[in-house]
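Read the structure below first, then the notes.
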Amino acid sequence: MTSTVPTAVQHADAQQPPITMFGPDFPYAYDDFLAHPAGLGQIPATEHGTEVAVIGGGLSGIVAAYELMKMGLKPVVYEADEIGGRLRTVGFEGCDPSLTAEMGAMRFPPSSTALQHYIDLVGLE
Numbered sequence: 001m002t003s004t005v006p007t008a009v010q011h012a013d014a015q016q017p018p019i020t021m022f023g024p025d026f027p028y029a030y031d032d033f034l035a036h037p038a039g040l041g042q043i044p045a046t047e048h049g050t051e052v053a054v055i056g057g058g059l060s061g062i063v064a065a066y067e068l069m070k071m072g073l074k075p076v077v078y079e080a081d082e083i084g085g086r087l088r089t090v091g092f093e094g095c096d097p098s099l100t101a102e103m104g105a106m107r108f109p110p111s112s113t114a115l116q117h118y119i120d121l122v123g124l125e
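With the numbering used here applied, the sequence shown covers 1 to 125.
As structure tokens, then:
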């Protein structure tokens with residue numbers, strides 16, 4: 001499948017800061033990519049509604065399922081434990097409720113605006 005998404009363009013009239021992964025390791029502007037109507041591409045109409053397995057209900061699986069739905073497919077998410085994967089805070093049984101641990105990432109920096117974009121879209125808190 002070939003993507004129809006154009007290269008990133010700077011918009012002088014943009015109200016929101018660009019959704020961009022900052023840093024020299026991955027200098028790709030996600031703002032135009034995520035907002036572009038073509039998204040990741042197109043699936044032939046004859047294939048709309050086809051079930052597609054998504055293994056894992058962590059953030060990557062949720063994003064994959066969301067993008068597959070936008071393309072007209074029907075994702076089926078298989079998750080062994082909890083939707084959201086390890087992006088959660090848990091307490092310890094029998095301990096002070098203020099004692100918690102992060103099961104995955106410990107912080108989400110402001111520069112991770114693409115992450116926040118998807119968190120907002122799927123309603124994670």
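All residues carry an ideal CB built from backbone N, CA and C; glycine is no exception. None of the values given here were measured: they were computed from a predicted structure.
Residue pairing for E51: DSSP places it in a beta bridge opposite K74. In the three-state reduction of the DSSP assignment, S60 falls in the helix class, which pools H, G and I. Residue state for A105 is assigned as coil, using DSSP reduced to three classes. Within its own chain, the residues whose Cβ lies closer than 6 Å to the Cβ of R88, once the five positions on either side in sequence are excluded, are M103, listed in chain order. For V54 against A38, the beta-carbon gap comes to about 21 Å, at or over 8 Å, which does not count as contact.
Leaving aside the five residues that flank P97 on each side, the residues in its chain whose CB is nearer than 7 Å to its CB run, in chain order, G91.
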